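No gaps in the numbering here: position 79 of the sequence shown is 128 in the numbering used here, and each next residue is one more.
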Amino acid sequence: MAPDRQTKSPDRSQGFLAELASHADALFRGPIYEQYAAICYRKHRELGEPEVLVVTSRESGRWIVPKGWPIKGKKPYEVAAIEAFEEAGVRGRIKKKRFGYFTYLKQLPDDSRVPCIVQLHLLEVEKTFENFPERGQRLSEWVSFTEAARRVREPELKSLLLAAERKMRRPKVKEKK
């Protein structure tokens, strides 16, 4: 069942932190898995404001950014770009340099949970596609960065979304030759 999307984010964050704390043993003693993700953004066509793409997870229906497991022979930023296309049907220019990390508990098919650290890359969307591998399996929406931060559950991801918005709004400074 999908979480209540009307819940205020501080309550959701506290719930997430409590859940994370209840799995402290796994966090400190067990393996930590790595995933790669993309913050997919663009300028709103009419308003010129930056907006970000959020998708729902297939299992829980919670709002997330496109992410996935490592792929042999692919660099982290390449995996993030692949996941953005497979989960959300977008392609664009991906930054090779990581933007940041966030952690969460991944629920596995057997209902166990494992800690994951997710490396984020910024992807400026240039093209959207009607047909993509996970079409119909997820919801996706273009929203403001503030709205995206409100929707996602993970506190670190909330902060990174807001930091990405600040980065988008900063005037570009040309280097002197």
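Backbone N, C-alpha and C fix where the C-beta goes; we use that ideal spot for every residue, glycine too.
Since the structure is predicted, the reported quantities are computational estimates derived from the model, not experimental observations.
Return yes when the Cβ of residue j is within less than 9 Å of the Cβ of residue i, no when it is not.
i: R142; j: E175; result: yes
i: S189; j: Q156; result: no
i: A212; j: L172; result: no
i: Y90; j: P164; result: no
i: V128; j: W118; result: yes
Measure the C-alpha to C-alpha separation of residue i and residue j and round it to an integer number of angstroms.
i: F181; j: V139; result: 9 Å
i: R94; j: S106; result: 27 Å
i: R162; j: A86; result: 19 Å
i: Q168; j: A198; result: 17 Å
i: T195; j: K121; result: 35 Å
i: H170; j: D160; result: 29 Å
i: E136; j: P158; result: 19 Å
i: R215; j: K124; result: 26 Å
i: Q84; j: I131; result: 12 Å
i: G97; j: T177; result: 18 Å
i: W112; j: P99; result: 19 Å
i: P80; j: I166; result: 11 Å
i: P220; j: K92; result: 14 Å
i: E203; j: Y126; result: 21 Å
i: R200; j: K116; result: 16 Å
Could you check how far apart the C-beta atoms of residue i and residue j are, in whole angstroms? I think they sit under 8 Å.
i: V101; j: V192; result: 6 Å
For residue i, count neighbouring C-beta atoms within 10 Å of its own C-beta (all shown protein chains included) and say buried if the count is 16 or more, exposed if not.
i: E179; result: exposed
If contact is defined by three or more beta carbon pairs under 8 Å, each pair taking one atom from either stretch, is the segment 145-155 in contact with the segment 181-188? no
With a threshold of 8 Å, are at least 3 pairs of Cβ atoms found where one atom belongs to the segment 149-169 and the other to the segment 192-209? yes
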